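Visitor:
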Amino acid sequence: MANDAVCPKCEGTGFIIIERGGISGAEPCDCRAQGRTERLQDRSQIPPLYRNASFDNFVVPGIENPSARRELTTALLAVKNFVRDFKDEKRPGLLLIGNTGTGKTHLAVAALRQIIDKGFEGLFYNYQNLLNSIKAGYDASSNSANREAYQSALDAEVLLLDDLGAHRATDWVEDTVNSIITYRCDNRKPLLATTNMPDADAGSAVVHKSGLDKPEYRRTLAEQIGGRARSRLFEMCTVVRMPLVEDYRVRKGKQF
Ligand SMILES: Nc1ncnc2c1ncn2[C@@H]1O[C@H](COP(=O)(O)OP(=O)(O)O)[C@@H](O)[C@H]1O
Ligand SMILES: [Mg+2]
Ligand SMILES: [Zn+2]
3 MANDAVCPKC EGTGFIIIER GGISGAEPCD CRAQGRTERL QDRSQIPPLY
53 RNASFDNFVV PGIENPSARR ELTTALLAVK NFVRDFKDEK RPGLLLIGNT
103 GTGKTHLAVA ALRQIIDKGF EGLFYNYQNL LNSIKAGYDA SSNSANREAY
153 QSALDAEVLL LDDLGAHRAT DWVEDTVNSI ITYRCDNRKP LLATTNMPDA
203 DAGSAVVHKS GLDKPEYRRT LAEQIGGRAR SRLFEMCTVV RMPLVEDYRV
253 RKGKQF
């Protein structure tokens, strides 16, 4: 690894000697921070597909689609501002709500990566995988990652929970999610979350027509994770509603 190479500035000691007003003293070398950021990025468990997601490679629609362009730019700006002001003690969380393919995970990861660059410890968890791990962890023969999953979701300095609500809602799921969110909210521990569950307060339609005469009822965020968890989430988070833009993968296919 690159950071195993001996730093020429401090010759690997991690300190440089600086003279100020005739007095010399040791100060931490920049290479410490760099090594730390790399280690933190490595440990964040961000999935490979999103490892390079950033604000810079987040594409907004062109001028031929002014309203989508404006709305997605506004969402991007809100996330950037959240990172700029991080960590806001009153509202340490970020919640991205919107349809599949609108770039929620991309933006949430971009935010997490910048927060890690600021020196915080960030941890990515897919909601469904986290619940599966916690469940598997009850079994004593399970691996240690599963047994520690619940604790690490509580302890992570900054947690990204991706695709919140995308799991069969049971009492156990509701209790588990509720305790993670409540703990993090009570302790003002930052939580970034994405969801494509409709939420009335965020302006999503709850009832969708599918087919000709069959009204389809999409479960809401509150129904999937429980009303208590939902209200704590809204209390601690800056809520960013993604506009109704076309799925990025479709959009990209059309453009190139
Ligand atoms: N505006 C965008 N600019 C660049 N890439 C994007 C954009 N929106 C989505 N993507 C990419 O498209 C894929 C799907 O986006 P994703 O963030 O997973 O959507 P969502 O989480 O809303 O379902 C990802 O590979 C993501 O990096
Ligand atoms: Mg996603
Ligand atoms: Zn150094």
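Its first residue numbered 3, the sequence shown is counted upward by one per residue in my numbering.
Ideal placement from N, C-alpha and C gives every residue a C-beta, glycine not left out.
Fair warning: this is a prediction, and the values are worked out from it, not measured in the lab.
Checking 8 angstroms against the spacing of the C-beta atoms, do Tyr127 and Leu162 come in under that value?
Guide: Along the sequence shown, read from residue 1 onward, the residue named residue 127 stands at position 125. Along the sequence shown, read from residue 1 onward, the residue named residue 162 stands at position 160. Contact flag set, yes.
Visitor: Considering only their Cβ atoms, is the gap separating Leu194 from Gly95 smaller than 8 angstroms?
Guide: Along the sequence shown, one-based indexing puts residue 95 at 93. Along the sequence shown, one-based indexing puts residue 194 at 192. Between Gly95 and Leu194, the C-beta gap is smaller than 8 angstroms, which places the two residues in contact.
Visitor: Taking a contact to mean a Cβ-Cβ separation below 8 angstroms, would you say Asn189 touches Ala231 in this structure?
Guide: Within the sequence shown, numbered from 1, the residue matching residue 189 stands at position 187. Within the sequence shown, numbered from 1, the residue matching residue 231 stands at position 229. In this structure, Ala231 does not lie closer than 8 angstroms to Asn189 by Cβ.
Visitor: For Ser212, does the count of other Cβ atoms within 10 angstroms reach 16, so buried, or fall short, so exposed?
Guide: As a position in the sequence shown, residue 212 is number 210, starting the count at 1. Note that Ser212 scores a pLDDT of 49, beneath 50, so its modelled location is shaky and nothing firm can be said.
Visitor: Give the DSSP-derived three-state secondary structure of Asn180 in the structure shown.
Guide: The residue you call residue 180 lines up with position 178 of the sequence shown. Helix at Asn180.
Visitor: Hey, would you say the C-beta of Arg53 is under 7 angstroms away from at least one heavy atom of ligand 1?
Guide: Here residue 53 corresponds to residue number 51 of the sequence shown, with the count starting at 1. Not under cutoff, so the answer is no.
Visitor: How about Gly64: is its Cβ closer than 7 angstroms to a heavy atom in ligand 1?
Guide: Taking the first residue of the sequence shown as 1, we reach residue 64 at position 62. Relative to the non-hydrogen atoms of ligand 1, the Cβ of Gly64 never comes closer than 7 angstroms to any of them.
Visitor: Rounded to a whole number of angstroms, what is the C-alpha to C-alpha distance between Lys191 and Leu114?
Guide: Taking the sequence shown and counting its residues from 1, the one referred to as residue 191 is at position 189. Taking the sequence shown and counting its residues from 1, the one referred to as residue 114 is at position 112. Cα-Cα distance, rounded: 14 angstroms.
Visitor: Give me the DSSP bridge partner(s) of Arg243.
Guide: As a position in the sequence shown, residue 243 is number 241, starting the count at 1. Per DSSP, Ile99.
Visitor: Give me the Cα-Cα distance between Glu21 and Glu40, rounded to the nearest whole angstrom.
Guide: In the sequence shown, the residue the question calls residue 21 occupies position 19. In the sequence shown, the residue the question calls residue 40 occupies position 38. Approximately 29 angstroms, taken between the alpha carbons.
Visitor: Are the beta-carbon atoms of Gln47 and Leu125 separated by less than 8 angstroms?
Guide: As a position in the sequence shown, residue 47 is number 45, starting the count at 1. As a position in the sequence shown, residue 125 is number 123, starting the count at 1. Cβ distance < 8 angstroms, so Gln47 and Leu125 count as in contact.
Visitor: Considering only their Cβ atoms, is the gap separating Met244 from Lys82 smaller than 8 angstroms?
Guide: Reading the sequence shown from its first residue, position 80 is the one you call residue 82. Reading the sequence shown from its first residue, position 242 is the one you call residue 244. The Cβ atoms of Lys82 and Met244 lie no closer than 8 angstroms to each other.
Visitor: Between Arg86 and Lys120, what straight-line distance do the alpha-carbon atoms span, to the nearest angstrom?
Guide: Position 84 of the sequence shown holds residue 86. Position 118 of the sequence shown holds residue 120. Approximately 10 angstroms between the Cα atoms of the pair.
Visitor: Once you ignore the five residues that flank Glu159 on each side, which residues in its own chain have a CB closer than 6 angstroms to its CB?
Guide: Stepping through the sequence shown from its first residue, residue 159 is reached at position 157. Phe122, Glu123.
Visitor: For Thr240, which residues of its own chain have a beta-carbon under 6 angstroms away from its beta-carbon, when the five flanking residues on both sides are left out?
Guide: Counted from its first residue, the sequence shown places residue 240 at position 238. The answer, listed in chain order, is Phe84, Arg93, Leu96.
Visitor: If you drop the 5 nearest sequence neighbours on each side, which residues of the same chain put their C-beta closer than 7 angstroms to that of Ala7?
Guide: Position 5 of the sequence shown, counted from the first residue, corresponds to residue 7. Correct list: empty, nothing qualifies.
Visitor: Have a look at the DSSP bridge pairing and note the partners of Ala195.
Guide: Within the sequence shown, the letter at position 193 stands for residue 195. Paired residue(s): Leu97, Leu163.
Visitor: If you drop the 5 nearest sequence neighbours on each side, which residues of the same chain put their C-beta closer than 7 angstroms to that of Leu74?
Guide: As a working note, residue 74 is residue 72 in the sequence shown. So the qualifying residues of the chain are Val62, Pro63, Pro245, Val247.
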